[in-house]
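What follows is a short report on a single structure.
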Amino acid sequence: MEELKLQTERKTQLIDITDQVRDALNGGRGAALLVYVPHTTAAVTINEKIDPVLVEDLEHAFERVVGDDWGWRHDDKDGPNGPSHGRASVAGSQVLIPLRDGALALGRYQAGPKARSVYVSVLQ
Amino acid sequence: MEELKLQTERKTQLIDITDQVRDALNGGRGAALLVYVPHTTAAVTINEKIDPVLVEDLEHAFERVVGDDWGWRHDDKDGPNGPSHGRASVAGSQVLIPLRDGALALGRYQAGPKARSVYVSVLQ
Amino acid sequence: MEELKLQTERKTQLIDITDQVRDALNGGRGAALLVYVPHTTAAVTINEKIDPVLVEDLEHAFERVVGDDWGWRHDDKDGPNGPSHGRASVAGSQVLIPLRDGALALGRYQAGPKARSVYVSVLQ
Chain A
0 MEELKLQTER KTQLIDITDQ VRDALNGGRG AALLVYVPHT TAAVTINEKI
50 DPVLVEDLEH AFERVVGDDW GWRHDDKDGP NGPSHGRASV AGSQVLIPLR
100 DGALALGRYQ AGPKARSVYV SVLQ
Chain B
0 MEELKLQTER KTQLIDITDQ VRDALNGGRG AALLVYVPHT TAAVTINEKI
50 DPVLVEDLEH AFERVVGDDW GWRHDDKDGP NGPSHGRASV AGSQVLIPLR
100 DGALALGRYQ AGPKARSVYV SVLQ
Chain C
0 MEELKLQTER KTQLIDITDQ VRDALNGGRG AALLVYVPHT TAAVTINEKI
50 DPVLVEDLEH AFERVVGDDW GWRHDDKDGP NGPSHGRASV AGSQVLIPLR
100 DGALALGRYQ AGPKARSVYV SVLQ
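These protein sequence lines are chains A, B and C, in that order.
Sequential numbering from 0 applies to the first sequence in numbering that gives the first Met the number 0.
Sequential numbering from 0 applies to the second sequence in numbering that gives the first Met the number 0.
Sequential numbering from 0 applies to the third sequence in numbering that gives the first Met the number 0.
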């Protein structure tokens, strides 16, 4: 297991870690790569960052999927971060990406919304 | 890794791929089956389709969990598909289903909401 | 594969199963532990329960992420449980937790929101 270290700068910030994840794979052979976030106010998701505006859109969207104004009562030394806990559970603590020929089998940007693939891998 | 090919016909469409996933397993032995979607405007989830009305309810629900009218600015050659990117991150890019005796350990429809099982499997 | 048995008492109830999951691991050696819920009106997530108020906050939040009043039409012998199906797909049917030295590599409560780790593990 490799551990990546990150610094966040603000609430509800999407950070692209694709390169660090590729480096952590480092030629390791297997069927899939597990990327896991051991925090309950953070999460990991797979999306697109070609358009920087989409990254901002997605940050705003997560703040509406789980609203700041929903009457949260939780407060701790990190402050009233209940909404971040909620967003973490919606987005999820891990992604699992299949490996193909020793590399992440991530999709490429693909024009046309209708032709879709699904990858199926057996894990031991 | 097997690759399934699908065609979608409209936005926010749930397609049952259980049979294709079972075919892709094809007697493969292991602890779990990874089903992964390499698109950032599509996702995979496990739910129920016995009642066709529920399938429509769930499609409508995903369009409310992430709303079309949330001031999205992203636009590309597929059109202004920001909401689909958001729904993909909420639903998730993969499911991982334990295998039991070489078959998917999916639940059966079960009356009574109170008795619940959880399956725990170690992966190598 | 181990099977845990649980009883729920009410709708949208978070139940801490960490101890039962640890017991099910039972010294099993591997790279990750899969915790899977074979029900379509239940889900599994990783969050925090140090503050009991946060647990209630999260239950309320899931009832707003997917609303009871969204015009659900689905009804079966368990009653009109469409919203629970929707919440299950938002939260997800499984979590996959990396193992480190034979134990769950869960995070510890950590003050300061800015220093973040990500664990990366290759699965076979």
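Virtual Cβ for every residue (Gly too), placed ideally from N, Cα, C.
(message) Could you check whether the Cβ of B:A23 sits closer than 7 angstroms to any Cβ belonging to chain A?
(response) As a first step, residue 23 of chain B is located in the second sequence; it is residue number 24 there, counting from the start. Taking Cβ atoms only, chain A reaches closer than 7 angstroms to B:A23, which makes this a yes.
(message) For B:W69 and A:D50, what's the separation of their Cα atoms in angstroms?
(response) Translated into the one-based positions of the second sequence, residue 69 of chain B becomes position 70. Translated into the one-based positions of the first sequence, residue 50 of chain A becomes position 51. Roughly 18 angstroms separates the two Cα atoms.
(request) Assign C:E47 to one of two classes, buried (16 or more other C-beta atoms within 10 Å of its C-beta) or exposed (fewer than that). (result) Counting from 1 along the third sequence, the entry for residue 47 of chain C is found at position 48. Label assigned to C:E47: buried.
(request) Apply the 10 Å Cβ neighbour rule to A:T44 and answer buried if 16 or more other Cβ atoms are within range, or exposed otherwise. (result) Against the first sequence, residue 44 of chain A aligns to sequence position 45. Buried, since its Cβ has 16 or more Cβ neighbours within 10 Å.
(message) Please give me, in chain order, every unbroken run of the beta strand (DSSP E) with length at least 3 that falls completely inside the region 0-84 of chain B.
(response) 1-6 and 31-35
(request) Using the Cα positions of C:M0 and B:P97, report the straight-line distance between them to the nearest angstrom. (result) Counting from 1 along the third sequence, the entry for residue 0 of chain C is found at position 1. Counting from 1 along the second sequence, the entry for residue 97 of chain B is found at position 98. Distance between the alpha carbons of C:M0 and B:P97: 8 angstroms.
(message) For a contact defined as C-beta to C-beta under 8 angstroms, what are the partners of A:S120 on chain B?
(response) Counting from one through the first sequence, the residue named residue 120 of chain A turns up at place 121. By Cβ distance, chain B contributes M0, E1, L32, L33 and Y35.
(message) Just checking: is the beta-carbon of B:N46 within a distance shorter than 7 angstroms of some beta-carbon in chain C?
(response) To locate residue 46 of chain B, count along the second sequence from 1; it is residue 47. Judged by the 7 angstroms Cβ criterion, B:N46 is in contact with chain C.
(request) Measuring only between beta-carbons, confirm whether A:G72 sits less than 7 angstroms from chain C. (result) For the purposes of this step, residue 72 of chain A is taken as the residue at position 73 of the first sequence. With the sequence shown as reference, residue 72 of chain A is identified as Arg, and Gly is not the correct amino acid for it. With its beta carbon less than 7 angstroms from one in chain C, A:R72 belongs to the interface.
(request) Would you check if the distance between the CB atom of B:Q123 and the CB atom of B:Y35 is smaller than 7 angstroms? (result) By 1-based counting over the second sequence, the position of residue 123 of chain B is 124. By 1-based counting over the second sequence, the position of residue 35 of chain B is 36. No. Outside cutoff.
(message) Looking only at its chain, what residues have a beta carbon closer than 7 angstroms to the beta carbon of B:W71, apart from the 5 residues adjacent to it on each side?
(response) Within the second sequence, numbered from 1, the residue matching residue 71 of chain B stands at position 72. Cβ within range, chain order: P79, G81 and P82.
(message) Do A:A42 and A:G91 have their beta-carbon atoms positioned less than 7 angstroms apart in this structure?
(response) Within the first sequence, residue 91 of chain A is the residue found at index 92, counting from 1. Within the first sequence, residue 42 of chain A is the residue found at index 43, counting from 1. At the C-beta level, A:G91 and A:A42 come within 7 angstroms of one another.
(request) With a 10 Å radius around its C-beta and 16 neighbouring C-beta atoms as the bar for buried, classify B:G29 as buried or exposed. (result) Residue 29 of chain B sits at position 30 when you count from the first residue of the second sequence. By the neighbour-count rule (16 or more Cβ atoms within 10 Å), B:G29 is buried.
(message) Between B:T17, B:G85 and B:L53, which has its C-alpha nearest C:D75's C-alpha?
(response) Numbered from 1 along the third sequence, position 76 holds the residue referred to as residue 75 of chain C. Closest by alpha carbon: B:L53.
(request) Hey, could you find the ends of the beta strand (DSSP E) C:S116 is sitting in? (result) Along the third sequence, one-based indexing puts residue 116 of chain C at 117. Element bounds for C:S116: A114 to L122.
(request) May I have the straight-line CA-CA distance separating A:A114 from B:Q6, to the nearest angstrom? (result) Mapped onto the first sequence, residue 114 of chain A falls at position 115. Mapped onto the second sequence, residue 6 of chain B falls at position 7. Answer to the nearest angstrom: the Cα atoms are 5 angstroms apart.
(message) So B:L26 contacts chain C; which residues on that side make the cut at Cβ distance below 9 angstroms?
(response) What you label residue 26 of chain B is simply residue 27 of the second sequence in a count that begins at 1. Looking at the sequence itself, residue 26 of chain B is Gly, so the reference to Leu does not match. Within 9 angstroms Cβ-Cβ: nothing; B:G26 doesn't reach chain C, min ~18 angstroms.
(request) Just the C-alpha distance for B:E8 and A:V121, rounded to the nearest angstrom, thanks. (result) Counting from one through the second sequence, the residue named residue 8 of chain B turns up at place 9. Counting from one through the first sequence, the residue named residue 121 of chain A turns up at place 122. In a straight line, the C-alpha of B:E8 is about 29 angstroms away from that of A:V121.
(request) Taking A:L103 and A:L24 to be in contact with their CB atoms under 8 angstroms, please state how far apart those CB atoms are, rounded to whole angstroms. (result) By one-based count along the first sequence, residue 103 of chain A stands at place 104. By one-based count along the first sequence, residue 24 of chain A stands at place 25. Their Cβ separation, rounded to whole angstroms, is 7 angstroms, which keeps A:L103 and A:L24 in contact under 8 angstroms.
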